[in-house]
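All remarks here apply to the structure that follows.
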Amino acid sequence: MPKRCLVTGCAGFIGSHLAERLIQLGHRVIGIDNFSDYYPRSIKEDNLAWLREQPAFTLVEGDLAEMDLTPWLEGIEWVFHQAAQAGVRASWGADFAIYTQANVLATQRLLEAAKGSPALLAFVYASSSSVYGDAERYPTHEDFLPQPISPYGVTKLAGEHLCRLYARAFGVPAVSLRYFTVYGPRQRPDMAFHRFICAMLSDAPLTIYGDGMQTRDFTYVEDIVEANLLAAERGRPGEVYNIGGGSRVTVREVIALLEDILGRPARVQFAPAQKGDVLHTAADIHKAARELGYAPRFGLREGLEQEAVWLQGRLSASA
Ligand code: NAD
Ligand code: UGA
């Protein structure tokens, strides 16, 4: 059955992929985005290019932390809350105010608007592996104590708690998905693969933070999209689910793979490990597999190739 959906952060990396998939499946989508200046609007406009041509898609430009949300929730059956101030390493200092506004206040306001909505069937919140901090064990299970080590992680955990509170107090069907470092076409320009590929394509040096032996459970964006759809259908309100990609590798291994894919050597320089960066992530995805039917389908090589093709296209278009 086609659903009326709201996707926040629809101009961003993950939100634009998700909105596209929803439209392709025959759903109607209202997308909200404030085109925050964390990275250039032109990139977000490119993300939206196909969506803007779809009659089933409506774009609303506005800030979730300030706008009147009630009219946009009317009749909505599925909410996918992807909007946030992302980025782990930039969340220290004065900019923390942006993180509290976009990640905590915006989430609370959206939940408030959703709580009286009779049509609402699902509210999926984009949480983050950063809530774990340096986890007590790997792979990390949802029940382990979340102890974020970045201000960003603190705000994403606050958002999860708000979802649980609104599920409990008001029956909002809110489910949190803890995404593990997402990559693929449209990846944000501050993220590692985007930076590495751009540097290698232009024969510029890339920077490894720390010794490059840190690991991530990298997750391809289409697997994240699939997890959102599954969570809307089957997620248990108030619950959290790890969504990992099953490709846990070191940063050094990623660079070696990119050298192979791009057929050229990387020029590597090193900088100190960044405050707020965890050393390792690894998702225990048994709960998502059991309850949602989630299974990642994209391997790291295939996903990196897709991201490289996209960035090659962007670089040649701007040349
Ligand atoms: P992104 O920055 O590309 O997309 C977020 C979008 O939200 C942007 O287009 C931005 O303009 C919009 N936005 C920000 N604040 C807003 C506000 N107050 N009102 C309306 N719109 C606002 O980021 P992304 O990488 O696509 O991340 C999407 C979500 O997934 C975020 O919630 C992020 O915390 C979460 N997440 C991302 C990753 C990852 O690896 N990319 C991993 C874990 C969790
Ligand atoms: C990513 C997203 O940016 C966050 O929004 C998200 O919440 C988080 O995943 C998550 O999984 O919760 P991060 O893991 O830092 O955060 O993703 P990348 O920016 O791709 O970094 C991956 C690794 O590469 C990190 O260890 C980082 O230190 C390293 N890195 C990054 C470099 O060595 N050099 C760079 O130029 C950039």
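Residue numbers (the working numbering): 103 to 421. By construction, the Cβ of each residue, glycine as well, lies at the ideal position given by its N, Cα and C atoms. Given the structure is predicted, the values throughout are model-derived calculations rather than measurements.
For F295, which three-state DSSP category applies?
Numbered from 1 along the sequence shown, position 193 holds the residue referred to as residue 295. F295 falls in the helix class under three-state DSSP.
Would the C-beta of Y281 count as close to the ligand UGA, meaning under 7 Å from any of its heavy atoms?
As a working mapping, residue 281 is identified with position 179 in the sequence shown. Yes; taking the cut-off as 7 Å, the Cβ of Y281 has a heavy atom of the ligand UGA nearer than that.
From M302, A384, G348 and T383, pick the residue whose C-alpha is nearest to that of Q371; which is it?
By one-based count along the sequence shown, residue 371 stands at place 269. Among M302, A384, G348 and T383, the Cα nearest to that of Q371 is on M302.
With DSSP run on the structure shown, which of helix, strand or coil describes H119?
Translated into the one-based positions of the sequence shown, residue 119 becomes position 17. Helix.
Can you tell me whether DSSP reads E328 as helix, strand or coil?
Indexing the sequence shown from 1 puts residue 328 at position 226. E328 falls in the helix class under three-state DSSP.
Cβ shell of F282 (< 6 Å), same chain only, five flanking positions each side left out
Against the sequence shown, residue 282 aligns to sequence position 180. Result list for F282: S231, D319, T321, G346, T383 and A385, in chain order.
By alpha-carbon positions, which one of C107, E404, V380 and A391 ends up nearest to A224?
Residue numbering aside, residue 224 sits at position 122 when the sequence shown is read from its first letter. Looking at the Cα atoms, C107 is the closest of the given residues.
Can the beta-carbon of P339 be found less than 8 Å from the beta-carbon of A276?
Locating residue 339 in the sequence shown gives position 237, counting from the first residue. Locating residue 276 in the sequence shown gives position 174, counting from the first residue. Yes, Cβ-Cβ distance for P339 and A276 is below 8 Å.
Note down, one range per segment and in chain order, each beta strand (DSSP E) of at least 3 residues found wholly within the region 320–366.
For the beta strand (DSSP E) assignment, the uninterrupted runs of no fewer than 3 residues enclosed by the region 320–366 are, from N- to C-terminal side, 342–345 and 349–352.
Does the Cβ of P142 have 16 or more other Cβ atoms within 10 Å, making it buried, or fewer, making it exposed?
Numbered from its first residue, the sequence shown carries residue 142 at position 40. So P142 counts as exposed.
Have a look at R416, Q289, Q414 and T242 and flag the residue whose alpha-carbon is nearest the alpha-carbon of G117.
Position 15 of the sequence shown, counted from the first residue, corresponds to residue 117. Nearest Cα to G117 within the set R416, Q289, Q414 and T242: Q289.
Tell me F225's beta-bridge partners as DSSP assigns them.
Within the sequence shown, the letter at position 123 stands for residue 225. Beta-bridge pairing links F225 to V181 and A276.
Bridge partners for A385 per DSSP, in chain order?
Looking up residue 385 in the sequence shown gives position 283. Checking the DSSP bridge columns, you'll see A385 partnered with T242.
Kindly list the residues whose CB is nearer than 6 Å to the CB of P398, restricted to its own chain and excluding five residues on each side of it in sequence; keep chain order.
Here residue 398 is taken as the residue at index 296 of the sequence shown, counted from 1. Counting only Cβ-Cβ distances below 6 Å, and skipping sequence neighbours, we find D325, G347 and G348.
Could you have a look at F198 and say whether DSSP puts it in helix, strand or coil?
Start at 1 with the first residue of the sequence shown, and residue 198 comes out as number 96. Three-state DSSP puts F198 in a helix.
In whole angstroms, give me the CA-to-CA distance for P367 and E355.
Looking up residue 367 in the sequence shown gives position 265. Looking up residue 355 in the sequence shown gives position 253. So the two alpha carbons sit approximately 13 Å from each other.
Please list the terminal residues of the continuous alpha helix (DSSP H) segment that includes D148.
Mapped onto the sequence shown, residue 148 falls at position 46. Start and end: R143 to R154.
Out of F198, R270, F182 and A215, point me to the one whose CA is closest to D170's CA.
As a position in the sequence shown, residue 170 is number 68, starting the count at 1. Answer by Cα proximity: A215.
Assess, as a yes-or-no matter, whether the region 193–202 is touched by the region 236–250 under the definition of 3 or more beta carbon pairs within less than 8 Å.
Output reads no: the region 193–202 does not touch the region 236–250.
Rounded to whole angstroms, what is the Cα-Cα separation between A167 and T257?
To locate residue 167, count along the sequence shown from 1; it is residue 65. To locate residue 257, count along the sequence shown from 1; it is residue 155. For A167 and T257, the distance between alpha carbons rounds to 14 Å.
Cβ-Cβ distance between S252 and E262 below 8 Å:
Taking the first residue of the sequence shown as 1, we reach residue 252 at position 150. Taking the first residue of the sequence shown as 1, we reach residue 262 at position 160. No. Outside cutoff.
Helix, strand or coil for T283, going by three-state DSSP, please let me know.
Taking the first residue of the sequence shown as position 1, residue 283 is located at position 181. In the three-state DSSP reduction, T283 falls in the coil class, being neither helix nor strand.
Going by beta-carbon coordinates alone, are L417 and L360 separated by less than 8 Å?
Working through the sequence shown from its first residue, we reach residue 417 at position 315. Working through the sequence shown from its first residue, we reach residue 360 at position 258. Contact flag unset, no.
Does the distance from the C-beta atom of Q187 to that of S138 stay below 8 Å?
Locating residue 187 in the sequence shown gives position 85, where the first residue counts as 1. Locating residue 138 in the sequence shown gives position 36, where the first residue counts as 1. Yes, these two residues count as a Cβ contact at 8 Å.
Short of 8 Å in beta carbon distance, which residues of its chain neighbour Y470, apart from the five on each side in sequence? Order them along the chain.
Nothing can be reported for residue 470: it is not among the residues displayed for the chain, which extend from 103 to 421.
Can you tell which of T202, I145 and G164 has the C-alpha that lies nearest to the C-alpha of I132?
Numbered from its first residue, the sequence shown carries residue 132 at position 30. Ranking the options by Cα distance to I132, first place goes to G164.
Does any heavy atom of the ligand NAD sit closer than 7 Å to the C-beta of G111?
Position 9 of the sequence shown, counted from the start, is the residue given in the question as residue 111. Between the ligand NAD and the CB of G111, the shortest heavy atom gap is smaller than 7 Å.
Need the endpoints of the alpha helix (DSSP H) that R403 sits in, please.
Numbered from its first residue, the sequence shown carries residue 403 at position 301. Where R403 is concerned, the enclosing alpha helix (DSSP H) stretches over L402 to S420.
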